[in-house]
Amino acid sequence: MIPTKRNRSFAAEWDCQDGILISWPHAGTDWAYMLDEVTACYVEMVHAMLDDDERLVIVAPDGDEVREALGPDVDWQRITIVELPTNDTWVRDYGPITVFKDGQMVLSDFTFNAWGMKFAADCDNLVTSRLNEQGIFNMPLVNCRDLVLEGGSIETDGNGTVMTTTCCLTAPNRNDALSREQLEETLLERLGCIKMLWLDNGALAGDDTDGHIDTLARFAPGGIILYNGCDDPDDEHFEPMMKMEQELKELTDVDGNHYQLIKLPLPDATYDEISRLPATYANFLVMNHQVLVPVYGQPENDAKACQLIGQAFPGRKVVGIDCRALICQHGSLHCATMQLPKGALK
């Protein structure tokens, strides 16, 4: 039954945090061909994160590789390395999802099957439960493994509403036995929310997640949605993003209020040898005192995106992180991180 009172609540990303979980790139991942470049990106991310007051939990098969890459000039008192095997680095999609349940905060562990069984996920699917077994968490871990759910596929305004995309949640090889209506009811119950908002348009070219919401539209405090815009009629994204914008204008929260919309620029098209890469400024990470924003070596677009995101998070410092390496494997900054709320860590 869909909850009608706030006995449960999917935690907003801007709630107070204990730390950030990341998964370190290594030679056994798809990063092998450009390991130096992506490692440099992770080092930059770690230094930026440690400028906040949070702790870091770093999952890696070989902790010595992490220590060597970061060197002595970081605050090792705030870093915990947990040696675990991993298939890939996109911990947003296999890390724990936080829900307030009956007055208690719990960490929910859903099944991760690599975006509909596109890639190997045997190790990543077990990271959250293995972290729990090693005593990293200070909260109960709830087994939700009868459902496939990726953290990047859902957004919450922290007030009972979940936003997602139809193309991802109803894609094949995830929860095929459930209709959209059954999936909505089940997820609202598990996440403790009252209302689900579905977007039918806007997916980025090159996105192999089937259209994660965290690449398209993101909530901010005070009833704000930041979203990708496209003003170039010759760009392949122009029509789908115009349609997404119209959908966003019609959305309302649990009290029937429309959201305030802030349109982010779309980065200039970037390609690898085969196809367009899914660069997006919507893939930012909110921390206690900062917002880390992916940037792509495009000074005008980068500056505009940082300025607009800063408007939505007053009082937080906006820090750009060069994510040109990350998008080479079709993800960005938010995809590579998972926030751990206050009280989550021992």
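So for the sequence shown, numbering that gives the first Met the number 0 puts the first residue at 0; every next one is plus one. Backbone N, C-alpha and C define an ideal beta-carbon position, used for all residues, glycine too. The model shown is predicted, which means the values in this text are computed figures rather than measured ones.
Buried or exposed (CB count within 10 angstroms, at least 16 for buried), residue i
| i | result |
| --- | --- |
| Cys15 | exposed |
| Tyr41 | buried |
| Gln328 | buried |
| Glu235 | exposed |
| Pro139 | exposed |
| Thr163 | buried |
| Gln76 | exposed |
| Thr251 | exposed |
| Arg179 | exposed |
Per DSSP, cross-strand counterpart(s) of residue i
| i | result |
| --- | --- |
| Lys107 | Sequence inspection shows Ser at residue 107; the Lys mentioned does not correspond to that position. Note: Ser107 sits in a beta bridge opposite Ile96, Val141. |
| Lys316 | Gln289 |
| Trp13 | Per DSSP, none; premise fails for Trp13. |
| Met162 | Glu154, Leu196 |
| Tyr270 | Arg275 |
| Leu225 | Arg217, Ile261 |
| Val37 | Paired residues: none, contrary to the question. |
| Thr169 | Paired residues: none, contrary to the question. |
| Glu336 | First, the residue type needs correcting, since residue 336 is Thr and not Glu in the sequence shown. Ile21. |
| Ala304 | Bridge partners of Ala304: none, in fact. |
Same chain, Cβ closer than 7 Å to residue i, five either side skipped, listed in chain order
| i | result |
| --- | --- |
| Glu12 | Val285, Gln338 |
| Gly255 | none |
| Ile80 | Ile57, Ala59, Gly62, Val65 |
| Ala348 | The structure shown does not extend to residue 348, since the chain is modelled only from 0 through 345, so no value can be given for it. |
Secondary structure of residue i, DSSP reduced to three states
| i | result |
| --- | --- |
| Ser357 | Any property of residue 357 remains undetermined from this structure, which presents the chain solely from 0 to 345. |
| Gly342 | coil |
| Glu82 | strand |
| Trp114 | helix |
| Ser22 | strand |
| Asp87 | coil |
| Asp123 | helix |
| Asp321 | strand |
| Ser331 | coil |
| Leu250 | coil |
| Ile135 | coil |
| Val73 | coil |
| Ser8 | strand |
CB-CB length for residue i against residue j, believed under 8 Å
| i | j | result |
| --- | --- | --- |
| Thr155 | Val147 | Not really, about 19 Å apart at Cβ, beyond 8 Å. |
| Thr110 | Asn131 | Not quite, the Cβ-Cβ distance comes to about 15 Å (not below 8 Å), so this is no contact. |
| Gly342 | Asn137 | 6 Å |
| Gly94 | Gly18 | Actually they do not touch by this definition, with Cβ atoms about 12 Å apart. |
| Pro293 | Asn282 | 5 Å |
| Thr88 | Pro24 | 5 Å |
Cβ-based neighbour list, residue i, same chain, cut-off 6 Å, excluding 5 preceding and 5 following
| i | result |
| --- | --- |
| Pro239 | Asn200, Gly201 |
| Glu82 | Gly62 |
| Asn6 | With a pLDDT of only 46 at Asn6, under the threshold of 50, the placement of this residue in the model should not be trusted; the figure read from the coordinates follows. So the qualifying residues of the chain are Asp101. |
| Ser331 | Asn282, Pro293, Cys322, Leu325 |
Nonlocal neighbours in the same chain, by C-beta distance under 8 Å from residue i, ignoring five residues either side
| i | result |
| --- | --- |
| Ala10 | Thr97, Val98, Phe99, Met104, Thr155, Gly157, Pro340 |
| Glu53 | Gln16, Asp17, Gly18, Ile19, Arg77, Met286, Asn287 |
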